[in-house]
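Q:
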Amino acid sequence: MAYYPNPTHAHGVPRGGQAYSIAHGPAPLRPPFSSASRRSLPLDEYKPAQAFKAVTGRTQRLHAPIHFDYPGQQYQGVLMREIRLKGPMAPIRGADDAVFAPTGLKRIVFRIIWPGYRHVDWCRTIVVEGNITRAALAFQIASNFARFVEKSQYETPTLTDWMISPTCVRFEHLFLVSLTNTFEDVWQADVALDVC
87 MAYYPNPTHA HGVPRGGQAY SIAHGPAPLR PPFSSASRRS LPLDEYKPAQ
137 AFKAVTGRTQ RLHAPIHFDY PGQQYQGVLM REIRLKGPMA PIRGADDAVF
187 APTGLKRIVF RIIWPGYRHV DWCRTIVVEG NITRAALAFQ IASNFARFVE
237 KSQYETPTLT DWMISPTCVR FEHLFLVSLT NTFEDVWQAD VALDVC
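Sequential numbering of the sequence shown, starting at 87, is according to this note's numbering.
(1) So, helix, strand or coil for I152, using DSSP?
(2) What residue range does the alpha helix (DSSP H) around F225 cover?
(3) Taking all protein chains shown into account, do 16 or more other C-beta atoms lie within 10 angstroms of the C-beta of R220, making it buried, or fewer, making it exposed?
(4) Sort T266, F257, D271 and I198 by Cα distance to L279 and report the nearest one.
(5) Can you give the Cα-Cα distance for G180 and L223, rounded to whole angstroms?
(6) Does I199 get closer than 8 Å to chain D when you measure Cβ to Cβ?
(7) Around the C-beta of T253, are 16 or more other C-beta atoms found within 10 angstroms, so that it is buried, or is it exposed?
(8) Could you tell me the alpha carbon to alpha carbon distance between N217 and A184, rounded to whole angstroms?
(9) When the Cα of V277 is compared with those of S238, K133 and D155, which residue comes out closest?
(10) What number of angstroms, rounded off, separates the C-alpha of V281 from the C-alpha of V255?
(11) Give me, in chain order, the residues of the same chain whose beta-carbon lies closer than 6 Å to that of W208; leave out the 5 immediate sequence neighbours on both sides.
(12) Does DSSP put F257 in a helix, a strand or coil?
(13) Rounded to whole angstroms, what's the CA-CA distance from H153 to T242? Just pull it up for me.
(14) Sort out for me which residues DSSP pairs W208 with in a bridge.
(15) Could you tell me how far apart the beta carbons of Y132 and Q226 are, in whole angstroms, since I believe they sit closer than 8 Å?
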C-alpha cells in the first residue's frame with residue numbers, strides 16, 4: 087500500500103512505513119508495529135507564537151528521544167493503562183534507568199496536542215531533576231494522558247479521524263512509544279493506538 091503524506095496531518099507513521107513531518111520531511115524508518123491493528127497518532131509538534139520564534143529562535147539543542155518498550159521489544163511502546171495500573175512495577179525495558187541524568191534538566195514542559203483537539207490546551211510541568219527513572223516518567227506521562235482523555239471526551243473535535251469518546255478512541259487503546267523533545271524545553275509523547 088502506498089503512503090502519501092497528508093498535509094492536514096502534520097506528522098504520522100503509516101503501519102510499517104516511514105514517519106513524515108511537513109516541517110522536517112521524512113523521519114528515520116522505524117520497524118513496523120507487531121500488531122496489525124496498531125497505528126501511530128500523528129505528532130503535531132508544538133510551535134511557539136511566530137513573534138516569540140522570530141525573537142528567540144531555537145536556543146537549545148534538542149535532546150534524544152526517550153523510548154518506552156516491553157522487555158525484549160523495540161519501538162512497540164507500552165500500554166498506558168498497564169503503566170497506570172502497575173506504576174513502578176510496570177514491565178518496561180530499562181525501567182530503573184535515570185533517563186534525564188545526562189541532560190542536566192530540572193524540569194520539562196509536557197504538552198499534548200491531539201489531532202482535532204488543538205483547542206484543548208494541555209501543558210504541564212514535570213520535574214525531572216535528580217534521578218527520575220524511565221518507569222516514573224512513564225507513569226507521569228500516562229497519568230497526564232488519562233486526565234487529558236477524560237477531559238477531551240466531552241469536547242467537540244475539529245477533526246473526527248482521532249475522536250476521543252467511549253465509542254472511538256479510549257485511554258485503554260493508548261501505547262506510549264517515546265517522549266520527544268520538540269522545541270526548547272517542550273517534550274511531547276509519541277503515541278500509538280491499538281484499535282480493531
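Note that the Cβ used here is the ideal one computed from N, Cα and C, for glycine as well.
A: Looking at the atomic coordinates:
(1) strand
(2) R220 to S238
(3) buried
(4) F257
(5) 12 Å
(6) The structure shown contains no chain D, having only a single protein chain.
(7) exposed
(8) 5 Å
(9) D155
(10) 8 Å
(11) I198 and F234
(12) Of the three classes helix, strand and coil, the one that applies to F257 here is helix, per DSSP.
(13) 31 Å
(14) The partner list for W208 (beta bridge, DSSP) reads I198.
(15) Actually they do not touch by this definition, with Cβ atoms about 18 Å apart.
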